[in-house]
Amino acid sequence: MSKASSGWQTPAGSALRFSPGQLLAGLDASATPGFNGDKAAAAALLFERATVVGALQEKLFANGRSGDTRSVLLVLQGMDTAGKGGIVRHVIGQVDPQGVDHASFGVPTEEEKSHDYLWRIRKALPRGGQIGVFDRSHYEDVLVVRVHNLVPPEVWSARYDEINEFEREVAASGTTIVKVALFVSLDEQKKRLMERLERPDKYWKYNPRDVDERELWPAYQEAYQAVLDRTSTDIAPWHIVPADRKWFSRLAVTELLIDALERLNLDWPPATFDVEAEKRRLESA
Ligand code: AMP
Ligand code: MG
Numbered sequence: 474m475s476k477a478s479s480g481w482q483t484p485a486g487s488a489l490r491f492s493p494g495q496l497l498a499g500l501d502a503s504a505t506p507g508f509n510g511d512k513a514a515a516a517a518l519l520f521e522r523a524t525v526v527g528a529l530q531e532k533l534f535a536n537g538r539s540g541d542t543r544s545v546l547l548v549l550q551g552m553d554t555a556g557k558g559g560i561v562r563h564v565i566g567q568v569d570p571q572g573v574d575h576a577s578f579g580v581p582t583e584e585e586k587s588h589d590y591l592w593r594i595r596k597a598l599p600r601g602g603q604i605g606v607f608d609r610s611h612y613e614d615v616l617v618v619r620v621h622n623l624v625p626p627e628v629w630s631a632r633y634d635e636i637n638e639f640e641r642e643v644a645a646s647g648t649t650i651v652k653v654a655l656f657v658s659l660d661e662q663k664k665r666l667m668e669r670l671e672r673p674d675k676y677w678k679y680n681p682r683d684v685d686e687r688e689l690w691p692a693y694q695e696a697y698q699a700v701l702d703r704t705s706t707d708i709a710p711w712h713i714v715p716a717d718r719k720w721f722s723r724l725a726v727t728e729l730l731i732d733a734l735e736r737l738n739l740d741w742p743p744a745t746f747d748v749e750a751e752k753r754r755l756e757s758a
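Here the sequence shown is numbered in the working numbering, starting from 474 and rising by one per residue.
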């Protein structure tokens with residue numbers, strides 16, 4: 474393929490959107506759906522798109538300052554080493570930090586455990602004008618919780634519908650939800666975990682529990698499949714992002730974010746003062 478034709482052949486939003494019946498079992502985590510190009514092409518494009526996502530975010534923020542209550546929420550899910558942290562650094566890192574409401578969800582604290590599982594999620598929803606980022610989310614309550622039987626099956630199995638209802642409410646209140654599931658292969662995960670053990674600057678990312686979770690891969694696959702089958706809705710569809718090539722997953726999520734921001738049809742908020750009168754006033758000040 475010539476260099477001139479490298480780029481998105483199909484927009485990321487459609488190339489990556491989960492389609493009903495799609496099976497995770499057949500997923501190639503090193504694929505680059507919709508994108509025709511190599512690492513260098515992706516890096517060049519990411520550099521260009523950073524400006525676009527930055528400008529759109531500033532417009533969203535400006536509108537928020539003027540009372541617009543709309544926001545965008547990026548939900549990131551994926552197994553350990555799938556690259557959720559890298560997405561935050563490299564994709565969200567492209568925008569003004571004051572416009573980002575970031576939240577990561579780990580093992581619930583005692584206080585969190587004393588509430589409904591959506592309690593901590595609701596508290597972390599983005600304010601108007603903000604881009605919210607969830608590094609893990611309410612989906613852990615049907616993933617790790619299901620795999621480890623942390624609550625009885627009748628409890629977790631009711632959550633798919635509860636989550637759909639919750640997301641319907643969130644969307645109705647003006648938040649565009651962008652759901653991204655990052656999929657790394659078992660081989661690539663092993664490499665990334667091994668790297669964490671070989672590099673002192675990566676020890677902090679290593680958790681001995683990750684190896685136990687790895688052994689539960691088939692159960693997680695099944696739990697992820699159920700999430701996709703049951704919670705990919707029209708207002709909040711899932712996107713499946715193969716994550717063995719970080720340059721692809723980062724570019725892909727940047728495109729999904731741009732797509733969501735563009736759909737808001739943002740304009741700069743109009744002046745709330747008489748521009749000409751202010752110019753005259755300033756000139757003589
Ligand atoms: P990390 O994202 O690497 O910091 O790890 C966070 C850990 O918290 C992961 O092992 C998650 O599975 C776990 N976690 C997140 N949410 C929940 C939850 N609702 N219940 C139990 N474990 C959770
Ligand atoms: Mg981890």
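Ideal placement from N, C-alpha and C gives every residue a C-beta, glycine not left out.
Look up residue i in the DSSP assignment and say whether it is helix, strand or coil.
{"i": "G605", "result": "strand"}
{"i": "K476", "result": "Low local confidence applies: a pLDDT of 49 at K476 is under 50, so the model's placement there is unreliable, and no value is given."}
{"i": "S577", "result": "strand"}
{"i": "I708", "result": "coil"}
{"i": "T727", "result": "helix"}
{"i": "L655", "result": "strand"}
{"i": "R718", "result": "coil"}
{"i": "T745", "result": "coil"}
{"i": "R736", "result": "coil"}
{"i": "T648", "result": "strand"}
{"i": "R600", "result": "coil"}
{"i": "R753", "result": "helix"}
{"i": "R672", "result": "coil"}
{"i": "Q495", "result": "coil"}
{"i": "H611", "result": "helix"}
{"i": "S630", "result": "helix"}
{"i": "Y697", "result": "helix"}
{"i": "G527", "result": "helix"}
{"i": "P625", "result": "coil"}
{"i": "G572", "result": "helix"}
{"i": "D660", "result": "helix"}
{"i": "G540", "result": "coil"}
Taking the alpha helix (DSSP H) that residue i belongs to, which residues open and close that run?
{"i": "Q550", "result": "It is not in any alpha helix (DSSP H) - Q550 instead sits in the beta strand (DSSP E) that spans 544–551."}
{"i": "K586", "result": "583–586"}
{"i": "D501", "result": "Neither: D501 is in no alpha helix (DSSP H) and is coded neither H nor E."}
{"i": "D560", "result": "Note that residue 560 is Ile in the sequence shown here, rather than Asp. That run of the alpha helix (DSSP H) goes 557–563."}
{"i": "D683", "result": "682–688"}
{"i": "V568", "result": "Looking at the DSSP string, V568 is not in any alpha helix (DSSP H), and its letter there is neither H nor E."}
If you measure from the CB of residue i, is any heavy atom of ligand 1 nearer than 8 angstroms?
{"i": "E531", "result": "no"}
{"i": "R609", "result": "yes"}
{"i": "V580", "result": "yes"}
{"i": "D614", "result": "yes"}
{"i": "N536", "result": "no"}
{"i": "S587", "result": "no"}
{"i": "K557", "result": "yes"}
{"i": "S658", "result": "no"}
{"i": "S577", "result": "yes"}
{"i": "Y633", "result": "no"}
{"i": "Y697", "result": "no"}
{"i": "V561", "result": "no"}
Decide if residue i is buried, meaning its Cβ has at least 16 other Cβ atoms within 10 Å, or exposed.
{"i": "D608", "result": "buried"}
{"i": "D707", "result": "exposed"}
{"i": "S475", "result": "Confidence is the limiting factor: at S475 the pLDDT is only 47, short of 50, which leaves the residue's position unreliable, though a coordinate-based value still follows. When all chains shown are included, S475 counts as exposed."}
{"i": "A744", "result": "exposed"}
{"i": "G551", "result": "buried"}
{"i": "V748", "result": "exposed"}
{"i": "Y676", "result": "exposed"}
Tell me, please, which residues DSSP counts as bridged to residue i.
{"i": "W481", "result": "F508"}
{"i": "I761", "result": "An answer regarding residue 761 cannot be provided, because it is not within the stretch 474 to 758 covered by the chain."}
{"i": "R490", "result": "H712"}
Say the cut is 8 angstroms; is the CB of residue i nearer than that to a heavy atom of ligand 2?
{"i": "S663", "result": "The sequence given here places Lys at residue 663; Ser does not occur at that position. Checking the Cβ of K663 against ligand 2 gives no."}
{"i": "N622", "result": "no"}
{"i": "K678", "result": "yes"}
{"i": "D674", "result": "no"}
{"i": "D683", "result": "yes"}
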